[in-house]
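S.K.:
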Amino acid sequence: MHRINPEGLPRHELIHALRSRRSVFKARRIRQCLLCRAGKVNEAGLCEVCYASLDDEELRLAGRWLSGVGP
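Everything in the sequence shown is counted per this note's numbering, starting at 5 for the first residue and increasing by one.
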């Protein structure tokens, strides 16, 4: 899935962003999804729609945020 909103992060940069505390904390602070900039994000900085479209490696990294471990 490519990004829907041009203001969001390009999909090929998501793994790097999920490994970065700064990127995830910023998305959570401003309450905008890393990929599409939709509101209401989870602990990984992603909205429900984008979280549901993650591939295996992205899902593993996002899961670490959701479990409280972080990057």
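From the three backbone atoms N, C-alpha and C, an ideal C-beta is built for every residue, glycine too. Source: prediction; values computed, not measured.
In chain order, what residues of the same chain lie with their CB nearer than 6 Å to the CB of A42, ignoring the 5 residues before and after it?
M.R.: Excluding positions up to five away in sequence, the list reads C51.
S.K.: Pull up the distance between the alpha-carbon of G67 and that of L38, whole angstroms please.
M.R.: 15 Å
S.K.: Could you give the distance in angstroms between the alpha-carbon of R23 and the alpha-carbon of L13?
M.R.: 14 Å
S.K.: Specify the secondary structure class of L63 as computed by DSSP and reduced to three states.
M.R.: helix
S.K.: Helix, strand or coil for R35? Go by DSSP, reduced to three states.
M.R.: coil
S.K.: Let me confirm a value: L70 is counted as buried when at least 16 other C-beta atoms fall within 10 Å, else exposed. Which label applies?
M.R.: L70 is classed as exposed because its beta carbon has fewer than 16 other beta carbons within 10 Å across all chains shown.
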